[in-house]
Amino acid sequence: MKKYIISISRQFGCGGHEIATKLSEKLNIPYYDKELMKRAAKESGFDENLFLFYDEKPTRSFLYNISADGFGAVTNSGVSLEDKIFQYQFDTIRKVAEEGSCIIVGRCADYILREEPNLFTVFLHADDSFRQNRVVNTYGLSDKNALKEIKATDKKRARFHNFYCDNKWGDAAAYDLSIDVSRLGIDNTVSLIMDYINKKFS
0 MKKYIISISR
10 QFGCGGHEIA
20 TKLSEKLNIP
30 YYDKELMKRA
40 AKESGFDENL
50 FLFYDEKPTR
60 SFLYNISADG
70 FGAVTNSGVS
80 LEDKIFQYQF
90 DTIRKVAEEG
100 SCIIVGRCAD
110 YILREEPNLF
120 TVFLHADDSF
130 RQNRVVNTYG
140 LSDKNALKEI
150 KATDKKRARF
160 HNFYCDNKWG
170 DAAAYDLSID
180 VSRLGIDNTV
190 SLIMDYINKK
200 FS
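Here numbering that gives the first Met the number 0 is used: the first residue of the sequence shown is 0, the next is one more, and so on.
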């Protein structure tokens with residue numbers, strides 16, 4: 000099978016990390032979620048906690064310093080710390096995509112890699128009840144606080160994506176597939192994505 004990249008964008012609490020993990024195991028290709036932060040930190044020399052702090056959070060200054068194509072290589076002239084963190088993260092996304100087939104979760108990968116000939120993009124969403132139950136069980140939050148965290152995290156992810164990308168976060172027209180995980184469940188969502196991959200790239 001030819002090299003391909005799977006970019007998974009997701010609402011908080013719909014199982015994006017679990018789905019990426021299962022796809023990675025079944026397809027025998029690596030997946031990158033928080034791992035991107037570790038690698039970017041190692042290659043840049045910055046503390047990993049800086050990458051985790053700014054992970055998927057928009058900063059106003061970056062809009063004005065970013066290169067014309069949206070995601071140019073890191074430079075040292077007049078670039079703030081926040082800008083450098085994002086630039087190294089974006090460079091790392093390109094590097095892992097160059098190395099071979101992989102799965103990348105979030106972090107504007109669908110837009111950064113939009114010129115990749117074999118890029119497959121998917122948006123995962125689910126109803127509030129499904130996500131609330133997962134967040135309560137995963138993080139031990141109350142029902143009320145789980146809903147607050149869902150809304151806050153979705154807002155952050157949408158702002159981050161829409162801040163740097165031309166396409167709108169969550170707009171079905173911007174993705175190859177948009178899947179309601181609460182209707183299919185985790186395993187059936189994995190199977191649907193695998194069927195698509197096998198048909199498109201085999």
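Glycine included, every Cβ here is placed at the ideal spot set by N, Cα and C.
All values derive from a computational prediction rather than experimental measurement.
Please name the residue, chosen from the options, that lies closest to residue i on a Cα-to-Cα basis.
i, options, result
"Asp54", "Asp127, Lys147, Val134 and His160", "His160"
"Val180", "Ile18, Glu34 and Leu49", "Ile18"
"Lys2", "Asn27, Gly14 and Leu176", "Asn27"
"Ile192", "Gly15, Tyr110 and Gln10", "Gly15"
"Thr91", "Gly184, Ser190, Lys41 and Ala172", "Lys41"
"Asn166", "Glu148, Phe122 and Leu80", "Phe122"
"Asp126", "Phe11, Met0, Phe119 and Pro116", "Phe11"
"Asp170", "Tyr163, Lys147 and Ala157", "Ala157"
"Phe50", "Ile84, Gly184 and Arg133", "Ile84"
"Lys199", "Phe52, Asp175 and Lys21", "Asp175"
"Ser227", "Ser141, Ile7 and Lys25", "For residue 227 there is no data in the structure shown, the boundaries of the chain being 0 and 201."
Just grab the DSSP bridge partners of residue i for me.
i, result
"Tyr31", "Ile103"
"Arg113", "Answer by DSSP bridge pairing: none, since Arg113 is not bridged."
"Asp179", "His124"
"Arg9", "Leu123"
"Leu26", "The partner list for Leu26 (beta bridge, DSSP) is empty, contrary to what the question assumes."
"Ile4", "Cys101 and Leu118"
In or out: residue i buried (at least 16 other Cβ within 10 Å) or exposed?
i, result
"Thr188", "buried"
"Met36", "buried"
"Tyr87", "buried"
"Asp194", "exposed"
"Ile4", "buried"
"Tyr137", "Note on residue identity: the sequence assigns Thr, not Tyr, to residue 137. Flag for Thr137 reads exposed."
"Gln105", "Note that residue 105 is Gly in the sequence shown, not Gln. So Gly105 counts as buried."
"Asp153", "buried"
"Ala96", "buried"
"Arg182", "exposed"
"Asp109", "buried"
"Asp68", "For Asp68, the predicted structure reports a pLDDT of 41, less than 50, and the residue's modelled location is therefore unreliable. A value from the coordinates is still provided. Exposed, since its Cβ has fewer than 16 Cβ neighbours within 10 Å."
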